[in-house]
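2 protein chains.
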Amino acid sequence: MPRMCPVVTGDTALARRSYQNRTKYAILLIVVSNVLRYNMVAALQISLDNLRDIPAFHALPDEQLMSLAAVMVRRQYAAGHIIFMEGDQAESLWFVASGRVKIIKQSLHGRVQGLCLMDRGKCFGSCPLFDMAKNPATAQALNDVTLFVLPEAALEHMKAHDPHLVKALLHIYSQRLEHLARVSEVLGAWTVPDRINDSLLTYADRDARDPVVELTQEKLASLSGTVREVVSRHLRLLEKAGIVRIEPRRIVILNIDALMPPCACEDQRKPA
Amino acid sequence: MPRMCPVVTGDTALARRSYQNRTKYAILLIVVSNVLRYNMVAALQISLDNLRDIPAFHALPDEQLMSLAAVMVRRQYAAGHIIFMEGDQAESLWFVASGRVKIIKQSLHGRVQGLCLMDRGKCFGSCPLFDMAKNPATAQALNDVTLFVLPEAALEHMKAHDPHLVKALLHIYSQRLEHLARVSEVLGAWTVPDRINDSLLTYADRDARDPVVELTQEKLASLSGTVREVVSRHLRLLEKAGIVRIEPRRIVILNIDALMPPCACEDQRKPA
DNA sequence: CGCATGACGTGATTTAAGTCACATCGTCAC
DNA sequence: GTGACGATGTGACTTAAATCACGTCATGCG
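The listed protein sequences derive, respectively, from chains A and B.
Start counting the first sequence at 1; every next residue gets the next number (the numbering used here).
Start counting the second sequence at 273; every next residue gets the next number (the numbering used here).
So, in structure tokens, the structure goes:
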């Protein structure tokens, strides 16, 4: 049977040992991760400036920020740790202060489908906001990450007393909905190379003049719904065409226009 | 270049004439549909009983129902008509009174990826609820359909005055989010036959003892992210195995357990 | 330093699944 | 009845992309 694939993270060693037993290893890793997730490093106070860094809170008056700071908690996770799992009881709303968090779905066969990445300022963990009982997906720290946590109880209180803020959060989730719809389309209707290009664009850090994607090829593959080897080969093609430069654990985009999705360009097939 | 595919609806004739020109026909159809969508048949009053049929409104006191009935509008669309298009200005919240509506994403190449079906009682058109500017996907009448429309203005009013109802609606969208996350996983990590089975389960009408899927193979293919021929072949296999019975425009499920997703059954590969 | 480990490159092979090209049925309109 | 058209069945072919099996190259560490 086909389509078995990379395990949660860092599976090179496992892969080297055994391909047949991947499933078992996957299950194992999930269990291990479940333990790791309580392994946070610290829980400290949060300053107002910290909160102002988060777009949703940016325009809030100081008094509201202070009440938020009083109930929110700072947590840190090491790279690879599972923050919450799909199917878990939904507890709180999470904000990324630094680092990146990967939102994934894992089919029990061990295959991982990345849904999106959350970086600085983004919030995730939709569930309590919607009265959702269980998390719809898994969140994993991509690198070392600092999160601010808004516990469910506080959120409940906010829903009743601060509709304005709730509205801002809902807006964020509208984008989430849109993004997921897009992922579905891309996975269903695009070719794999197009999907890889799209992921490059989506996850590029565009601050610099040469945008950079700080991801291993493994993780890029998961976000594109494919496997490492294919990503590797496709990137090599792009590099030969002068569109990207491959560096360890990162890809530098040299010609961003060349990656633009096939929609834009009417027809990339031979015109004749 | 591969992966070109079924056009919006009823493309058999087109397909017969020309495979090469599909793209052009697809674009054409989209334009045509854009005209058709204003072609609703009637706009009539709505009774309280009509509203009570919708789960979200079920527990509402009469007075609230009456105020809803005052602002909501009934519309009817013929099979195949586009109700709204991806990218359109989001105008209102829609409820399905009868018939079924298909939510789709169309990549400009003419390929259609079905996201979900909405049947009686479901609501769609998330957007105004979230302050979303544009529709994230397209809605098309699958068969003749009657819809109740809650215009944006009324919704705006409701958001301020009836938090309880808004909460109920948000809950619906939490399920939407969950469903989309699932679609993404399924498209990215499952094999095509599994995806078809999953679609059969998802869209079966389970009221009868033998559940029935009232869909053409074409539409089933779109919902599964594949093409008609593959669906046809796979269904034939299922029929030979005694799991379904194929009838024109519908599939009768005889052994629903046999369709259950691969997750459930630990391992469907040979145990040795 | 050696060795484990994790990231990446690549050829060979396999196969799932899309594409093409017709054929077969109903049924509905005229 | 007889086209027309829409839904479906199917064989033959093609190919994108996954899998397998290694090899290379860094980096960290006892």
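Beta carbons are placed, not taken as given, at the ideal position from N, Cα and C, and that holds for glycine.
Contact list for residue i against chain B, beta-carbon separation under 8 Å
{"i": "A:W94", "result": "Result: empty, since nearest Cβ-Cβ is about 15 Å, beyond 8 Å."}
{"i": "A:K240", "result": "Within chain B, no residue comes near A:K240; the closest Cβ sits about 20 Å away, beyond 8 Å."}
Start and end residues, beta strand (DSSP E) containing residue i
{"i": "B:K377", "result": "373-378"}
{"i": "B:V499", "result": "No beta strand (DSSP E) holds B:V499; DSSP gives it neither H nor E."}
{"i": "A:R75", "result": "73-77"}
{"i": "B:R521", "result": "Premise fails: B:R521 is in no beta strand (DSSP E) and is neither H nor E."}
Span of the alpha helix (DSSP H) around residue i
{"i": "A:E156", "result": "152-161"}
{"i": "A:L93", "result": "No alpha helix (DSSP H) contains A:L93, which is instead part of the beta strand (DSSP E) from 92-98."}
{"i": "A:E86", "result": "No alpha helix (DSSP H) contains A:E86, which DSSP labels as neither H nor E."}
{"i": "A:R52", "result": "48-52"}
Under 7 Å from the C-beta of residue i: neighbouring residues of chain A
{"i": "B:S370", "result": "Chain A residues near B:S370: none, gap ~25 Å exceeds 7 Å."}
{"i": "B:K377", "result": "A181, S184, E185"}
{"i": "B:K374", "result": "Neighbours of B:K374 on chain A: none; closest Cβ ~14 Å, over 7 Å."}
Proximal chain A residues relative to residue i, where beta-carbon distance stays under 8 Å
{"i": "B:L442", "result": "L129, F130, D131, L170"}
{"i": "B:R448", "result": "L177"}
Presumed contact (8 Å Cβ cut-off) between residue i and residue j, rounded CB distance
{"i": "A:S107", "j": "B:A461", "result": "4 Å"}
{"i": "A:I103", "j": "A:F124", "result": "6 Å"}
{"i": "B:L365", "j": "B:V455", "result": "With 8 Å as the limit, B:L365 and B:V455 do not qualify as a contact, their Cβ atoms being about 22 Å apart."}
{"i": "A:V213", "j": "A:R250", "result": "6 Å"}
{"i": "A:T146", "j": "A:G99", "result": "6 Å"}
{"i": "A:T226", "j": "A:V186", "result": "In fact, because the Cβ distance is near 12 Å, the residues do not count as touching under 8 Å."}
{"i": "A:D210", "j": "A:L237", "result": "Actually they are not in contact, since the Cβ atoms of A:D210 and A:L237 sit about 19 Å apart, beyond 8 Å."}
{"i": "A:D88", "j": "A:N135", "result": "5 Å"}
{"i": "A:V244", "j": "A:V252", "result": "6 Å"}
{"i": "A:G121", "j": "A:P61", "result": "Actually they do not touch by this definition, with Cβ atoms about 19 Å apart."}
{"i": "B:L401", "j": "B:L441", "result": "6 Å"}
{"i": "B:H506", "j": "B:I468", "result": "5 Å"}
{"i": "A:L150", "j": "A:M66", "result": "Between A:M66 and A:L150 the Cβ distance is about 14 Å, and since that is not below 8 Å, they are no contact."}
Amino acids of chain B, ordered along the chain, whose beta-carbon sits closer than 7 Å to that of residue i
{"i": "A:P248", "result": "Result: empty, since nearest Cβ-Cβ is about 26 Å, beyond 7 Å."}
Proximity test, residue i beta-carbon vs the ligand FMN heavy atom, cut-off 7 Å
{"i": "A:L147", "result": "Annotation note on the ligand FMN: not contained in the displayed structure, which lists no ligands."}
Practice task
May I ask you to list, following chain order, the residues of the region 451-468 of chain B that have a beta carbon less than 9 Å from some beta carbon of chain A?
Solution key: H451, L452, A453, R454, V455, S456, E457, V458, L459, G460, A461, W462, T463
Handout entry: Interfacial residues, the region 382-398 of chain B to chain A, with Cβ spacing under 8 Å
Key = R383, V384, Q385, L387, S398
Exercise for the section: With 7 Å as the limit, tell me which residues of the region 199-230 of chain A have their beta carbon closer than that to any beta carbon of chain B; keep them in chain order. Expected result: G225
Practice task
Note down, one range per segment and in chain order, each alpha helix (DSSP H) of at least 4 residues found wholly within the region 438-510 of chain B.
Solution key: 464-475, 489-496
Exercise for the section: Jot down the residue ranges of each uninterrupted beta strand (DSSP E) in the region 112-147 of chain A, minimum 3 residues, whole runs only, in chain order. Expected result: 112-118, 138-141
Practice task
Compile a chain-ordered list of the residues in the region 134-152 of chain A whose CB is closer than 7 Å to at least one CB of chain B.
Solution key: P136, A137
Problem - Members of the region 64-96 of chain A that neighbour chain B once the beta carbon cut-off is set at 7 Å - result: none
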